[in-house]
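Undergrad:
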Amino acid sequence: MVSMSQFDDKVKEIKKSFYSLTKHLYLQTYIPEPDIDEDKVRFLYAMMQKKLSNTEAKMFTISALLVQAFLDVHDNVSIQPIHSEQLRKKGN
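When we follow our numbering, the leftmost residue of the sequence shown carries the number 1, and every step to the right adds one.
Now the structure itself:
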């Protein structure tokens, strides 16, 4: 059984990995930084760690977060041309 502090450390590690994977100059220029629902991280990781190794659970949790983040970005894509850098960065 994993202690709560170990679980919190894993959640922080997953979030750090997620943000390091999404850190890219192009993304930072045109897309606002994605928000991570920490409860979703906890839920996904807790479910997966029961059946998978810690490494696999972490990998699948990060994958699910990446898919969700980019689906969220896709929902905010405008079909109209945006000429303002501020509006491009805002994402709405």
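Glycine included, every Cβ here is placed at the ideal spot set by N, Cα and C. For clarity, every value in this text was computed on a predicted model and none was experimentally measured.
Would you report the Cα separation of Y19 and L27, rounded to the nearest angstrom?
TA: On the sequence shown, residue 19 is found 19 positions in, with the first residue counted as 1. On the sequence shown, residue 27 is found 27 positions in, with the first residue counted as 1. About 12 angstroms.
Undergrad: Can you tell me where the alpha helix (DSSP H) with D8 in it begins and where it stops?
TA: As a first step, residue 8 is located in the sequence shown; it is residue number 8 there, counting from the start. Start and end: 4 to 22.
Undergrad: Count the other CB atoms within 10 Å of the CB of V67; is the residue buried (16 or more) or exposed (fewer)?
TA: By one-based count along the sequence shown, residue 67 stands at place 67. Burial call: exposed.
Undergrad: Kindly list the residues whose CB is nearer than 8 angstroms to the CB of I62, restricted to its own chain and excluding five residues on each side of it in sequence; keep chain order.
TA: To locate residue 62, count along the sequence shown from 1; it is residue 62. Taken in chain order, the residues that qualify are I14, S17, F18, L21.
Undergrad: Less than 8 angstroms between the CB of M47 and some heavy atom of the ligand GTP, yes or no?
TA: Annotation note on the ligand GTP: not contained in the displayed structure, which lists no ligands.
Undergrad: By alpha-carbon positions, which one of D35, F7, D8, S3 ends up nearest to D72?
TA: For the purposes of this step, residue 72 is taken as residue 72 along the sequence shown, with counting starting at 1. Of the listed residues, the one whose Cα sits closest to D72 is D35.
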